[in-house]
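Enquirer: Below is one structure. I have some questions about it.
Protein chains: 4
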Amino acid sequence: MSSNFGKNVHLSIFGQSHGTMIGAVIDGLPVGEEIDLDALQRFMERRAPGRDEYATARREADRIEIVSGLYQGKTCGAPLCLLIANADSRSADYRQLRDIPRPAHADYTAQLRYQHYNDPRCGGHFSGRLTAPLTAAGAICLQLLERREISVGAHLQSIGTEQDAVLADDALTPQLLRSLAGQKFPTWDKEAGERMQRLIRDAAADGDSVGGVIELIALGVPAGLGSPMFDGVENRLAAALFAVPAVKGIEFGSGFAAAAMRGSEHNDPFYLDGAQIATKTNHHGGVLGGITSGMPLIVRAAVKPTPSIGRPQLTLDMESMRPTQLEIKGRHDPCIVQRALPCMEAVTGLVLLDLLLDGEYQRLY
Amino acid sequence: MSSNFGKNVHLSIFGQSHGTMIGAVIDGLPVGEEIDLDALQRFMERRAPGRDEYATARREADRIEIVSGLYQGKTCGAPLCLLIANADSRSADYRQLRDIPRPAHADYTAQLRYQHYNDPRCGGHFSGRLTAPLTAAGAICLQLLERREISVGAHLQSIGTEQDAVLADDALTPQLLRSLAGQKFPTWDKEAGERMQRLIRDAAADGDSVGGVIELIALGVPAGLGSPMFDGVENRLAAALFAVPAVKGIEFGSGFAAAAMRGSEHNDPFYLDGAQIATKTNHHGGVLGGITSGMPLIVRAAVKPTPSIGRPQLTLDMESMRPTQLEIKGRHDPCIVQRALPCMEAVTGLVLLDLLLDGEYQRLY
Amino acid sequence: MSSNFGKNVHLSIFGQSHGTMIGAVIDGLPVGEEIDLDALQRFMERRAPGRDEYATARREADRIEIVSGLYQGKTCGAPLCLLIANADSRSADYRQLRDIPRPAHADYTAQLRYQHYNDPRCGGHFSGRLTAPLTAAGAICLQLLERREISVGAHLQSIGTEQDAVLADDALTPQLLRSLAGQKFPTWDKEAGERMQRLIRDAAADGDSVGGVIELIALGVPAGLGSPMFDGVENRLAAALFAVPAVKGIEFGSGFAAAAMRGSEHNDPFYLDGAQIATKTNHHGGVLGGITSGMPLIVRAAVKPTPSIGRPQLTLDMESMRPTQLEIKGRHDPCIVQRALPCMEAVTGLVLLDLLLDGEYQRLY
Amino acid sequence: MSSNFGKNVHLSIFGQSHGTMIGAVIDGLPVGEEIDLDALQRFMERRAPGRDEYATARREADRIEIVSGLYQGKTCGAPLCLLIANADSRSADYRQLRDIPRPAHADYTAQLRYQHYNDPRCGGHFSGRLTAPLTAAGAICLQLLERREISVGAHLQSIGTEQDAVLADDALTPQLLRSLAGQKFPTWDKEAGERMQRLIRDAAADGDSVGGVIELIALGVPAGLGSPMFDGVENRLAAALFAVPAVKGIEFGSGFAAAAMRGSEHNDPFYLDGAQIATKTNHHGGVLGGITSGMPLIVRAAVKPTPSIGRPQLTLDMESMRPTQLEIKGRHDPCIVQRALPCMEAVTGLVLLDLLLDGEYQRLY
């Protein structure tokens, strides 16, 4: 069940980094929905490698082919299957990856888990390459949400030690989220973005890499979605977002900062905002007791620095059981945070659509 | 499905804060396992209110009665049901809770979700009281794990702005974890613990509350558990830990701090530690690609400050739709982090046992 | 997961035949629903032993206690837990059951499955006694369905070789189903019922037992429920109905008889019945392609003869590994079909409510 | 979730009868398993149309392409995706299918369920065409089972009113099952098979169709698989087998015939068969209390007559809401039972592999 997710909208991801094809099956999409393939392809462009000078040299067209689930251009109730061909499919010698595990990669644990039968070619099913079908599947969900005026966006809250500006809660608008999506390097503060890019260039120059924090925002999410205990918005979002490789932490609202606050500071007072019950601050990040409050949904994800770096690293040769120095050849992303960002948006879209479809919300006739 | 969890070991939690009984059903426990009821009861004491001067005045014996699932004192394959009577079951007037939502509580969202039919008495099913059966269920799992030399422990990494000491990775031993379990206020550094308690007393004196961060540690977890994508150790643990009320963030290994590191610093070099493949550092927190590496499993959870505070708070009277000032009567925990800690250990136990039972790990004969 | 069922309405059953308590947890019930406890208790009376001269001597009050899930008498969103005390809870010597498996019972397979740790007292969790909480849980669902004018009823289509009359499809009405529920021995044809009872008496006089076929009918089920492939009405109903001990076959509409028909005979012509699209015959039993058609839902279940009989039986003493003759002491139901009947109705109610709550049926706003 | 199945081995089916591709994703297969593609293709030949004079004129190569899940020819832990191109993909005018529902087909219910957005081309996702990927997925599972000496086979117990011979329980051998697989028209009794084929020819000559009963047999299934209540072998097999279109009933062992037996006749006596505990008869069909007994697993499925017949049929024109006479053009299978047979074997293989992988069977170390 490792590559399956969702209760109402059910996703199956398949493929390996260097297999012939990768893809996804989405079962349970609402019917009668058009899929805008051009918009989907543009969304894919946002996570594509090679958008800037720092990205990996691998260049995939990532053209989405939908082979089922549509009839006359609309979802028809049948599971939707999308395929992406792997242009760059190699079967070179991977003895090195098999015997010499790269630090901070899944090479070693994958071998344990799959008893040395795992596909070692660039991580196989563990590769970041698999975020392509995940992103595509989620981007389809986002299209359905947008039609219902639910917007999901994200900015780079930090890259390494560089922080983006902090925006006032009430400045958040769907327009602002859309403008983020148009940026190659989405930040509130343009100069902060430039500092971040400089920091990435510096790391690259050192043969090193950096991580960062992505802040996800969803606006227009109806209040009252989710459930207490194990089926809350946080449970379901966290369970899904940890599927994106390199994510090491997830927090909602004030998150870890809340732990250092006093209750009088953290508790968000309810008030009437026009005809709408709202809170004056949003430390709770739009979720109380696992259920959406109608306030902006705020989630942050910590992304670790890219494990593949240019510098020589110490590791173990598992054949000889001797220490060895590993040099990872080729060009690698010194930072994957900006590429993980649209994938995170997409995963958020998948979970929100799944939540919207929970039958329990509808009281029986 | 909100109060259900688990793939192999399946948990159902039921009850309301002021109903007659709360409890849990656990289906799928391995058979032939003795349950040490005394040890279970002692474990429950760790989360019981009233252990110290700061805790809530509500005093429940929390005596666990196991009414099914055992035969001659051992698990027999039938689902185990445990019941806890609510001694302090009131049906006072709860108009106030219904109309005047307490900030940072689920009063408002529960009403939306359950169309005003929810039980408003102290949060009903949303109450921290429901962590009693959750803790009991997980504590049973921990007993099974301990027999297999898997230890789970936790310390208070911070309360408010006070931090515990940082321990060297190689200092972690099962003995040390056991000694933490014996402390009323589990910290590595006794003085830090005293500073934390002072900080809680100060908050209480101000009619206020504080939060904190719990660091969970699991030792002896076999390498190779978990799966990539949606069924990894992080996904399953995060999905479960967010079931504990007041948790706002979860991180693994270096977590959010990893986002500010460079790859050369964060990547943990593999080496041979005796006959065991290990890593020299443990920034990955025992999980790579969703799969355990055999290194200590490190999870941290951010707990927000107790929402119920003594001070008057601004909120909305939803009947009149006018602002109102709310004063929450009675005595309340100014800090629940130390009580949430054993519950988090228990939930971790539940997830680890579930992972251990995954059939996929066993290669077919 | 063995004693769990349901997607939207999730049921957990617990208990053993001679444990202190048996019960069920139902999570996901629609909110604001009154539970009529008197009606529930009356429903339970229908499956109670000792209603007639043939039934087992064991006499249990089967008083249902609901300890959670209600607030002011209505479902409140919290999981509903119901408990039934086992008055007749013995811990006699069960060496015989452990070593000398009763033919057609689960004694032998339970020991294999649970490695001799299973509770052998009258079948433990495998006992027909566990149909009490199952019936109670389903009967609650039936109350909700009845409010929406969905009626479920059943008659004894056969006991042993005696057949009930065949009713014209268009004779089926909710009133008729209700009148069945009032009969101790529900048949269309009273005389057939008397012949069946005579047949049971004859079997009892011979120290033997008989089985039979139950025909379940659901009226008022909305058209369009269910899904193709694995999530159809047949899949979900069959998966649930096989949970009732002694069921050996399930068929829909013409079922096995359909296999001997020609298409021209079996195909039900569509026509307009007033304003309603209907079929002139109902060989399809109300389900086409896994989805309800609006015609009466017709399901039949084959129940094997009660395995416990008075006559001596050949079996194996698993301690000595020698053949032995087993005599089952005490009084036993020579026929359990009439007691299984309300349980089957209840299980049908559970599945239909679960289907009604599928979120997918609602097109998104 | 309609086209998803399985707990440990998880299957997703996708595609429509006249879409570009159909296929399946299988997640959770044991690793290190070779897939014999030639044997797989030969298995597919058994369900292919056009094997005999009666079959549909549609001719598909059904060449299986595995695009993920293998590394160096062996399962590697990544989900396996198999694709089958639809050579015969038409987009003709389907107004007739949309407005004039074919009796006994899902045309009408699919429109209700999917709000007229369903793909009407030859049933879309409801088409028997979708049994191709289902068969392929199950056939892969069967290969794994065969390596563990678990054999699954089936014969045509009846076609219309013609019955196959009854075989003594002890005559069942893996060799016999293999020889069935080699027959175009698998029966125990060759002459019975000829009578069945004559009956099909007669029906075809009348522009009509016939159904039949398939008897599935699994040998070598380890005793002790499955669980009581909702997770038994019967529950899981029935839930899966009803996914095959046209199945209207499922029974185990003596099934519906058991309902007419007396207990003394039906109860299978235990005895020692060499070193193996067995039963002298097999009325229980290899399952007691939801758990395998080690005796041959016997399942029968009733398949209704092919709904598409050459004769004119009465139905409703849903546009004009008037009765109309429908003539289904083209050539159609007058009997699909022999084509459904390998698909049923495959589904049985899928469920048995899933059961084998249940973690609960392994007692923890």
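Protein chains in written order, with the numbering used here: chain R, 305 to 669; chain B, 305 to 669; chain P, 305 to 669; chain C, 305 to 669. We put the CB at the ideal spot given by N, CA and C, even for glycine.
How about residue 723 of chain P: is its C-beta nearer than 8 Å to some C-beta of chain C?
Expert: The requested residue 723 of chain P does not occur in the structure, where chain P is confined to residues 305 to 669.
Enquirer: To the nearest angstrom, report how far apart residue 517 of chain C and residue 566 of chain P are at their CA atoms.
Expert: Counting from 1 along the fourth sequence, the entry for residue 517 of chain C is found at position 213. Counting from 1 along the third sequence, the entry for residue 566 of chain P is found at position 262. If I take the Cα positions, the gap works out to 13 Å.
Enquirer: Mind checking residue 470 of chain C: buried by the 16 CB within 10 Å criterion, or exposed?
Expert: Your numbering for residue 470 of chain C matches position 166 in the fourth sequence. Residue 470 of chain C is exposed by the Cβ-count criterion.
Enquirer: Rounded to the nearest angstrom, what separates residue 446 of chain R and residue 485 of chain R at their Cα positions?
Expert: Residue numbering aside, residue 446 of chain R sits at position 142 when the first sequence is read from its first letter. Residue numbering aside, residue 485 of chain R sits at position 181 when the first sequence is read from its first letter. Their Cα atoms are separated by approximately 13 Å.
Enquirer: So, helix, strand or coil for residue 635 of chain C, using DSSP?
Expert: On the fourth sequence, position 331 is the one that residue 635 of chain C refers to. Residue state, collapsed to three classes: coil.
Enquirer: Along the alpha helix (DSSP H) that carries residue 347 of chain B, what are the first and last residues, could you check?
Expert: Working through the second sequence from its first residue, we reach residue 347 of chain B at position 43. That run of the alpha helix (DSSP H) goes 341 to 351.
Enquirer: Cα separation between residue 603 of chain B and residue 487 of chain B?
Expert: Walking along the second sequence from the start, residue 603 of chain B turns up at place 299. Walking along the second sequence from the start, residue 487 of chain B turns up at place 183. Each residue's alpha carbon lies about 20 Å from the other.
Enquirer: Measure the Cβ-Cβ separation of residue 590 of chain C and residue 600 of chain C and say whether it is below 8 Å.
Expert: Locating residue 590 of chain C in the fourth sequence gives position 286, where the first residue counts as 1. Locating residue 600 of chain C in the fourth sequence gives position 296, where the first residue counts as 1. Cβ distance < 8 Å, so residue 590 of chain C and residue 600 of chain C count as in contact.
Enquirer: In chain order, which continuous runs of the beta strand (DSSP E) of length 3 or greater are located wholly inside the stretch 542 to 623 of chain C?
Expert: Fully enclosed beta strand (DSSP E) runs of 3 or longer: 551 to 556, 574 to 577, 580 to 583, 601 to 607, 617 to 621.
Enquirer: Have a look at residue 375 of chain P and residue 419 of chain B and give me their C-alpha separation to the nearest angstrom.
Expert: The residue labelled residue 375 of chain P in the question sits at position 71 within the third sequence. The residue labelled residue 419 of chain B in the question sits at position 115 within the second sequence. Their Cα atoms are separated by approximately 13 Å.
Enquirer: Return the CA-CA distance between residue 629 of chain P and residue 572 of chain P, expressed in angstroms with no decimal places.
Expert: The residue labelled residue 629 of chain P in the question sits at position 325 within the third sequence. The residue labelled residue 572 of chain P in the question sits at position 268 within the third sequence. Using only the alpha carbons, I get a separation of about 53 Å.
Enquirer: Can residue 335 of chain P and residue 421 of chain B be called in contact, C-beta distance under 8 Å?
Expert: Along the third sequence, read from residue 1 onward, the residue named residue 335 of chain P stands at position 31. Along the second sequence, read from residue 1 onward, the residue named residue 421 of chain B stands at position 117. Cβ atoms of residue 335 of chain P and residue 421 of chain B: closer than 8 Å.
Enquirer: Closer than 7 Å, Cβ to Cβ, to anything on chain R: give me those residues from the stretch 623 to 656 of chain B, in chain order.
Expert: So the close ones are 625, 627.
Enquirer: Taking buried to mean at least 16 other C-beta atoms within 10 Å of its own C-beta, is residue 405 of chain B buried or exposed?
Expert: Stepping through the second sequence from its first residue, residue 405 of chain B is reached at position 101. By the 10 Å Cβ count, residue 405 of chain B comes out buried.
Enquirer: Could you tell me which chain C residues have their CB closer than 8 Å to the CB of residue 519 of chain P, listed as they occur along the chain?
Expert: For the purposes of this step, residue 519 of chain P is taken as the residue at position 215 of the third sequence. Neighbours of residue 519 of chain P on chain C: none; closest Cβ ~12 Å, over 8 Å.
Enquirer: Report the rounded CA-to-CA distance for residue 505 of chain P versus residue 619 of chain C, giving the unit in angstroms.
Expert: What you label residue 505 of chain P is simply residue 201 of the third sequence in a count that begins at 1. What you label residue 619 of chain C is simply residue 315 of the fourth sequence in a count that begins at 1. So the alpha carbons of these two residues sit roughly 49 Å apart.
Enquirer: Looking at the secondary structure, which residues open and close the alpha helix (DSSP H) in which residue 461 of chain R lies?
Expert: Along the first sequence, read from residue 1 onward, the residue named residue 461 of chain R stands at position 157. Unbroken run through residue 461 of chain R is the beta strand (DSSP E), 455 to 463; no alpha helix (DSSP H).
Enquirer: In whole angstroms, what separates the C-alpha of residue 515 of chain P from that of residue 570 of chain C?
Expert: As a first step, residue 515 of chain P is located in the third sequence; it is residue number 211 there, counting from the start. As a first step, residue 570 of chain C is located in the fourth sequence; it is residue number 266 there, counting from the start. Their Cα atoms are separated by approximately 10 Å.
Enquirer: Based on Cα-Cα distance, which residue from B:368, B:353, B:369, B:373 lies nearest to residue 331 of chain B?
Expert: Numbered from its first residue, the second sequence carries residue 331 of chain B at position 27. Closest by alpha carbon: B:373.
Enquirer: Under 7 Å: does the beta carbon of residue 493 of chain R sit that close to some heavy atom of the ligand GDP?
Expert: Absence of the ligand GDP is noted for the structure shown, with no ligands found whatsoever.
Enquirer: Can you find a C-beta in chain R that's less than 8 Å from the C-beta of residue 423 of chain C?
Expert: Here residue 423 of chain C refers to the residue found at position 119 when the fourth sequence is read from its first residue. Yes, its Cβ sits closer than 8 Å to a Cβ of chain R.
Enquirer: Name, going along the chain, the residues of the stretch 411 to 422 of chain R whose beta-carbon falls closer than 9 Å to a beta-carbon of chain C.
Expert: For the stretch 411 to 422 of chain R, which is checked against every Cβ of chain C, the residues closer than 9 Å are 414, 417, 418, 419, 420, 421, 422.
Enquirer: Name the residue from R:582, R:532, R:523 whose alpha carbon lies nearest to the alpha carbon of residue 458 of chain R.
Expert: For the purposes of this step, residue 458 of chain R is taken as residue 154 along the first sequence, with counting starting at 1. Ranking R:582, R:532, R:523 by Cα distance to residue 458 of chain R puts R:523 first.
Enquirer: Can a CB atom of chain P be found closer than 8 Å to the CB of residue 326 of chain B?
Expert: Within the second sequence, residue 326 of chain B is the residue found at index 22, counting from 1. Yes, its Cβ sits closer than 8 Å to a Cβ of chain P.
Enquirer: Taking the continuous beta strand (DSSP E) assigned at residue 529 of chain P, which residues delimit it?
Expert: Here residue 529 of chain P corresponds to residue number 225 of the third sequence, with the count starting at 1. No beta strand (DSSP E) holds residue 529 of chain P; DSSP gives it neither H nor E.
Enquirer: Residue 653 of chain P bridges to which residues according to DSSP?
Expert: Taking the third sequence and counting its residues from 1, one reaches residue 653 of chain P at position 349. None; residue 653 of chain P has no bridge partner.
Enquirer: Against chain P, with Cβ distances strictly below 8 Å, would residue 320 of chain B count as a contact?
Expert: By 1-based counting over the second sequence, the position of residue 320 of chain B is 16. So, interface residue.
Enquirer: In whole angstroms, what is the alpha-carbon distance linking residue 633 of chain C and residue 547 of chain C?
Expert: In the fourth sequence, the residue the question calls residue 633 of chain C occupies position 329. In the fourth sequence, the residue the question calls residue 547 of chain C occupies position 243. Straight-line Cα distance between these residues: approximately 26 Å.
Enquirer: Is there a C-beta anywhere in chain C that falls below 8 Å from the one on residue 314 of chain R?
Expert: Along the first sequence, one-based indexing puts residue 314 of chain R at 10. Judged by the 8 Å Cβ criterion, residue 314 of chain R is in contact with chain C.
Enquirer: Could you tell me how far apart the beta carbons of residue 534 of chain R and residue 308 of chain B are, in whole angstroms, since I believe they sit closer than 8 Å?
Expert: As a working note, residue 534 of chain R is residue 230 in the first sequence. As a working note, residue 308 of chain B is residue 4 in the second sequence. Between residue 308 of chain B and residue 534 of chain R the Cβ distance is about 6 Å, and since that is below 8 Å, they are a contact.
Enquirer: Could you confirm whether any beta carbon from chain B is found closer than 8 Å to the beta carbon of residue 575 of chain P?
Expert: Within the third sequence, the letter at position 271 stands for residue 575 of chain P. Output row for residue 575 of chain P: interface = no.
Enquirer: When the cut-off is 8 Å and only beta carbons count, does residue 335 of chain B lie next to chain P?
Expert: As a first step, residue 335 of chain B is located in the second sequence; it is residue number 31 there, counting from the start. At least one chain P Cβ lies under 8 Å of residue 335 of chain B.
Enquirer: Pick from P:477, P:499, P:391, P:407: whose alpha carbon is nearest that of residue 574 of chain C?
Expert: Start at 1 with the first residue of the fourth sequence, and residue 574 of chain C comes out as number 270. If we check each option's Cα against that of residue 574 of chain C, P:407 comes out closest.
Enquirer: List, in order along the chain, the chain B residues whose C-beta lies closer than 7 Å to that of residue 331 of chain P?
Expert: As a first step, residue 331 of chain P is located in the third sequence; it is residue number 27 there, counting from the start. Under the 7 Å cutoff, chain B gives 305, 306, 307, 308, 316.
Enquirer: If you measure beta-carbon to beta-carbon, which residues of the stretch 597 to 620 of chain P are closer than 7 Å to chain C?
Expert: Against chain C - using a Cβ distance shorter than 7 Å - the residues of the stretch 597 to 620 of chain P are 597, 606, 607, 608, 609, 610, 611, 613, 615, 617, 618, 619, 620.
Enquirer: State the Cα-Cα distance for the pair residue 648 of chain R and residue 325 of chain C, rounded to the nearest angstrom.
Expert: By one-based count along the first sequence, residue 648 of chain R stands at place 344. By one-based count along the fourth sequence, residue 325 of chain C stands at place 21. Answer to the nearest angstrom: the Cα atoms are 29 Å apart.
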